[in-house]
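Notes for the one structure printed next.
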Amino acid sequence: MIIQGGMGVGVSGWRLARAVSVTGQLGVVSGLGLDTLMARRLQLGDPGGHIVRALGRFPYVGVTEQVVDRYFVAGGIGPDEPFRPVPKPSLHPSRRSTDLVVAANFVEVFLAKEGHEGLVGINLMEKLQMSSPAAIYGAMLAGVDYVLVGAGIPTEFPALLDAFAAGRPGHVSVDVIGAGAVPTVVVPPAVTAGAGARLRRPKFLAIVASHVLASYLARDAGTRPDGFVVEGPVAGGHSAPPRGPLVLDREGEPVYGPRDLADLDKMAVLGLPYWLAGGYASPDLLEAARRGGAAGIQVGSAFALCEESGLAASIKRTIIEHALSTGLPVRADPRSSPTGFPFKVADLPGTLADAKVYDSRDRVCDAGYLRAAYRKQGTEIGYRCPAEPVPTYLRKGGRLEETVGRYCLCNGLIATVGLGQRRDGTTEAPVVTLGQDLSFLPGLLGPGRNTYRAADVVSYLLRGDRTGLPAMAGVNQGGGGDAGRRSSPA
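Each number in the numbering used here comes from the position in the sequence shown (counting from 1) with 99 added on.
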């Protein structure tokens, strides 16, 4: 009934996913940037030995040895020493780059599934086309149960899962500016020579913002998912832009209207299970969603602030203190993300949302997850990001107006889980994303409490479920409640 949202980079880590899964709900790891996170944790000495233990179960010993030899530092690097970089995603990644992504996603899912029989999913952004196939293959090697993909139109992922499950090559098309969509192929035995292994196919959930996109994906067997997460505009992270011309309110946030809200009656007609997301962290809303025909809800922010999430403990404390006292503004910023999608930014001091912190940061692009491919002269391919140094971006054919207000989300989100890159005695500043509804906090924090666990979130949400419907039910359960007749909330 509950899907724990996949919050990157590293907020939805294996500890959080595991804690949710053991309660009988769907724990989800974020697949964004796992190669960087694993490499940096190894350079810190792998506290607890979890990564090395998981790599010991990776089926390709040669890759394990290469990863450990390259990145593991016994006792950890010094507090001011920079982290060794990992290869940036590209249209034609090197063998070493692909191996690292496959191994990192295997490790994260393996640790999330270790020692229990619960379900574990992995969440990916469709925009990260260059690294998604290798990430999915690594997750499938570890037996991932669900793959969830949003922030785009994930038409090619069902076929990709089919191919990998059958031990065949699979691909997704990469959008190349000036050249259209270019297929990039990942052969299943990307980490070894020989035939690809047959793997269990996970279920695929498409994260959508509208019934229109859901209908488009469901109409053809090649693009049809196993279900949907229907995400409203108040959800954290990236959101779909409003349909039609972009209109901003007085605060500079996108204005969403009736066309931007999913019609749940039309979702039900598709005959596939769906979960509602974005402001649903309430037992009453879970019950209403179930009575209206939804299989359940997806919840992100409530899990992001629990003890098991990867969010740095100091940031969690600050968020909770602000939210319960003066309130915490979370704005939908149409400019901050290099993807061009609106992105929810929490206005916290000391983060990139602080104008002084943003202005003092030297632009650098050394992670590269959100950079876009573009065609240079002839058939040559280059890469650019509007958050990189402005002169560099302009030399690559970008426009000046595209650089204004952009955040380096790659470095900022990595810093949010305490693994920010160190440069010249400074550490990258974090950027915090949350949903715009934090009304769940009083229900989770009783008198005298300033922290809670993932199991507390599950217990709180299930407290109001009295439908008697089986967990993970489909959509065709009747529609007696108002939830079945309304659109997703704005």
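Note that CB positions come from ideal geometry on N, CA and C, so glycine has one too.
Fill in: Rounded Cβ spacing between R185 and T135 (contact assumed at less than 8 Å)
The question names Arg, but residue 185 in the sequence shown is Val. Yes, they are in contact, since the Cβ atoms of V185 and T135 sit about 5 Å apart, within 8 Å.
Q: Could you work out which residue in P158, S120, W113 is closest to M137 when comparing CA atoms only?
A: W113
So, for V328: in the same chain, excluding its five sequence neighbours on each side, which residues have a beta-carbon less than 6 Å away from its beta-carbon? L304, I306, W374, A376, Q397
### Query
According to the neighbour-count rule (16 or more other Cβ atoms, all chains shown, within 10 Å of its Cβ), is H310 buried or exposed?
buried
Taking DSSP's pairing of strands, which residues face L304 in a bridge? L247, G326
Selection from D244, K475, G220, R318 that minimises the alpha carbon distance to L298: D244
Below 8 Å on the Cβ atoms is my guess for D261 versus R300; work out the distance and round it to an integer in Å. 7 Å
- Going by beta carbon distance, what residues of the same chain come within less than 6 Å of S196, once the five residues before and after it are set aside? P186
Original post:
With respect to the alpha helix (DSSP H) encompassing M239, which residues constitute its N-terminal and C-terminal limits?
Top reply: 231-240
Exposed or buried, which one is E407 when buried takes at least 16 other CB atoms within 10 Å? buried
Legend entry - 8 Å Cβ cutoff met for V201 and A233: yes
Since N208 contacts A241 with CB under 8 Å, what's their CB separation in whole angstroms?
-> A small fix is needed here, since residue 208 is Val in this sequence, not Asn. 4 Å between Cβ atoms; contact.
query = For the candidate residues V275, A280, D274, Y236, whose alpha-carbon lies nearest to that of L609?
reply = Because the chain here runs from 100 to 589, residue 609 falls outside it and cannot be looked at.
8 Å contact criterion, which R183 and Y170 should meet: CB distance rounded: 6 Å
**Three-way DSSP call (helix, strand, coil) for M224 in this model** = strand
What residue does the beta strand (DSSP E) around A472 start on, and which one ends it?
471-474
| message | Looking at the strands, I want to know which residues DSSP matches up with F442. | response | H337, D432
Assuming contact is defined by CB atoms lying nearer than 8 Å, are R462 and A471 in contact in what I supplied? no
Kindly indicate which residue of V503, G399, D362 has the alpha-carbon position closest to the one of Y379. G399
Checking the sheet assignment: what are the DSSP bridge partners for V127? G220
What number of angstroms, rounded off, separates the C-alpha of E164 from the C-alpha of G148? 15 Å
| request: At 4 residues or longer, and completely inside the region 511-575: list those alpha helix (DSSP H) runs for me, N to C. | output: 540-543, 553-561
Among all the DSSP beta bridges, which residues are the ones paired with L347? P353
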